[in-house]
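Numbering (this note's numbering), first residue to last: 1 to 480. Even glycine gets a Cβ: it sits at the ideal position worked out from N, Cα and C. Structure record follows, encoded as structure tokens.
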Ligand code: F0G
């Protein structure tokens, strides 16, 4: 819930009590330096005990409710016919109005099943914007991704409320050029992750749906952050302020032939599922579940997580819960704007996104500015962010770098997990780093995996710049 204070400030006020906490430690500067070196300057390889505030991701790190926790206790571990799965089916029916549920252990497992059924070598998937794991599965099946994000989506700074919209004219043209028989499906990602958690509008979704269906193409929605996208439609799109989040979600999903989601985000649990009202599609995908995931009533998930996801589905549509991440992100983003730090605007879902090209204009994209910034920010603050730029792309089949549209350091804000003072701390330390930005130089590879290299790859600094950064921190008494 956002409130305005007497001094005019608008702040997020939490609509929950904190009942369970986990201590975190702020390591001394020399230990932070050792930790990032040991991690190959890759924040994925830091150990949690070395981290003060973990802003790597909102995936599986959201605070659960007491109702979710208590539901986990009643989970039914039957291999087949689990009661927990029936409760998930009921929640899907009530919230999504969808009859068929295919469980899978997380979002990328859904993508694996979907692409195995629908993507043939030489096929194309049209999407508003790709996500790393989605693209990896499509390419793995011999397919290709075509991104048709509306041009405004590639601007880091904009006041366009729906930068996740698809470009409709190009959609019509690409379908005509490629031929519908070569297109596996059209995919809309609800708040486009890699360009700053930016939502699409209902108007755009309906138009995409009309074009896809006119051409007999399937429309798939990646619903990993569906309640956030619905929150933005309610708060930003004309005509939706009086509609409830469930009503908006149902209107969105009516446009789709099938949807899938990571259960680790909006539903604040861990797991994944594909849902549809199309019986034929259901029966095409279902036989793959026992082969790759597990029996069709658990799909590789713990039944505890199935219970948590079923409750999470019902809870995520509460207006205060749907906005719990977005409002904190709005606060964080505006704080950084006031401090002069370049960030993606407007604020989106998932996290606050720092524009590394503007933050470190002296670096080229092949020196990995977003990766260097994430490493430097850890050294400065003990906070862990994530590179979302050229490092998160893989090289093409000839080994050439594919530079990313944007170089972002993502500071994820898991729902209900950070307080405002922690956000203030992160913003303050980032502003300090911005003032000392010339001390941060590039990164180069030590070990570079061929696929999804950002997860496990190891790098080092091009010239030992972390030493001068550390000296600057040590010489500022406020920073230790
Ligand atoms: N689709 C979207 C839009 C996602 O953001 C993610 C995961 C997935 C699919 C894959 O789901 O992780 O459950 O297998 N995003 C995480 C992140 C990894 O940190 O943004 P998963």
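The stretch 340-360 in contact with the stretch 117-133 per 3-pair CB rule at 8 Å
no
For the pair the stretch 85-105 and the stretch 447-463, tell me if three or more CB-CB distances fall below 8 Å.
no
Pull up the CB-CB distance for residue 507 and residue 58, whole angstroms please, since I reckon it's below 8 Å.
Outside the displayed span of the chain (1 to 480) sits residue 507, for which this structure offers no information.
Is the Cβ-Cβ distance between residue 217 and residue 183 less than 8 Å?
yes
Compute the minimum distance between the beta carbon of residue 133 and the heavy atoms of the ligand F0G, and state whether it is under 7 Å.
yes
Using the three-state DSSP reduction, which class does residue 270 fall into: helix, strand or coil?
coil
Am I right that residue 129 and residue 192 are in contact with their C-beta atoms under 8 Å? What's the rounded C-beta distance?
That belief holds up - the Cβ atoms of residue 129 and residue 192 are roughly 4 Å apart, short of 8 Å.
How many angstroms separate the CA atom of residue 461 from the CA atom of residue 468?
12 Å
Mind the definition here: the stretch 320-330 touches the stretch 231-243 only if three or more C-beta pairs lie below 8 Å; say whether that holds.
yes
Where does the unbroken alpha helix (DSSP H) through residue 313 begin, and where does it stop?
303-315
CB contact flag (residue 282, residue 102, <8 Å):
yes
Enumerate in chain order the residues of its own chain whose CB-to-CB distance from residue 247 is below 8 Å, with the five nearest sequence positions on each side excluded.
Excluding sequence neighbours, residue 247 sits near nothing in its chain.
What is the residue span of the alpha helix (DSSP H) that residue 110 lies within?
That run of the alpha helix (DSSP H) goes 107-118.
Residues near residue 479 by beta carbon distance below 7 Å, same chain, minus five either side
The residues are 432, 473.
Distance, Cα to Cα, residue 427 vs residue 376?
14 Å
Distance between beta carbons of residue 151 and residue 195, contact taken as under 8 Å:
Actually they are not in contact, since the Cβ atoms of residue 195 and residue 151 sit about 12 Å apart, beyond 8 Å.
Looking at the unbroken alpha helix (DSSP H) that takes in residue 144, where does it start and where does it end?
Per DSSP, residue 144 belongs to no alpha helix (DSSP H); it is in the beta strand (DSSP E), 144-147.
Which same chain residues, not among the five before or five after residue 317, have their C-beta less than 7 Å away from its C-beta?
95, 227, 245, 246, 249
Give the range of the alpha helix (DSSP H) segment to which residue 156 is assigned.
No alpha helix (DSSP H) holds residue 156; DSSP gives it neither H nor E.
State the start and end residues of the unbroken beta strand (DSSP E) segment that holds residue 127.
124-127
For residue 43, is the beta carbon positioned less than 7 Å from some heavy atom of the ligand F0G?
Taking the Cβ of residue 43 as the reference point, every heavy atom of the ligand F0G lies at 7 Å or farther away.
Quick check: does the Cβ of residue 222 come within less than 7 Å of any heavy atom belonging to the ligand F0G?
Yes, the Cβ of residue 222 comes within 7 Å of a heavy atom of the ligand F0G.
From 374, 47, 439, pick the residue whose C-alpha is nearest to that of residue 408; which is it?
374
At the level of alpha carbons, what is the spacing between residue 131 and residue 78?
34 Å
Can you tell me where the alpha helix (DSSP H) with residue 206 in it begins and where it stops?
Start and end: 202-214.
May I ask whether a heavy atom of the ligand F0G can be found less than 7 Å away from the beta carbon of residue 189?
Distances from the CB of residue 189 to the heavy atoms of the ligand F0G include at least one below 7 Å.
Alpha-carbon to alpha-carbon, residue 300 and residue 273
The straight-line gap separating the alpha-carbon atoms of residue 273 and residue 300 is approximately 11 Å.
N- and C-terminal bounds of the alpha helix (DSSP H) containing residue 85
For residue 85, the enclosing alpha helix (DSSP H) starts and ends at 83-96.
Return yes when at least one heavy atom of the ligand F0G lies under 7 Å from the C-beta of residue 404, else no.
no
Can you grab the Cα-Cα spacing for the pair residue 356 / residue 370, in whole Å?
5 Å
Spatial neighbours of residue 108 in its chain, beta-carbon cut-off 6 Å, leaving aside the 5 residues before and after:
133
Comparing alpha-carbon positions, which option in 18, 72, 465, 53 lies nearest residue 41?
465
For a test of the three-state rule: what should DSSP assign to residue 227, helix, strand or coil?
Reduced to three states, the DSSP call for residue 227 is helix.
Look up residue 189 in the DSSP assignment and say whether it is helix, strand or coil.
strand
Taking only heavy atoms of the ligand F0G into account, decide whether any of them is closer than 7 Å to the Cβ of residue 108.
Correct: residue 108 has its Cβ closer than 7 Å to the ligand F0G.
May I have the straight-line CA-CA distance separating residue 471 from residue 26, to the nearest angstrom?
So the two alpha carbons sit approximately 18 Å from each other.
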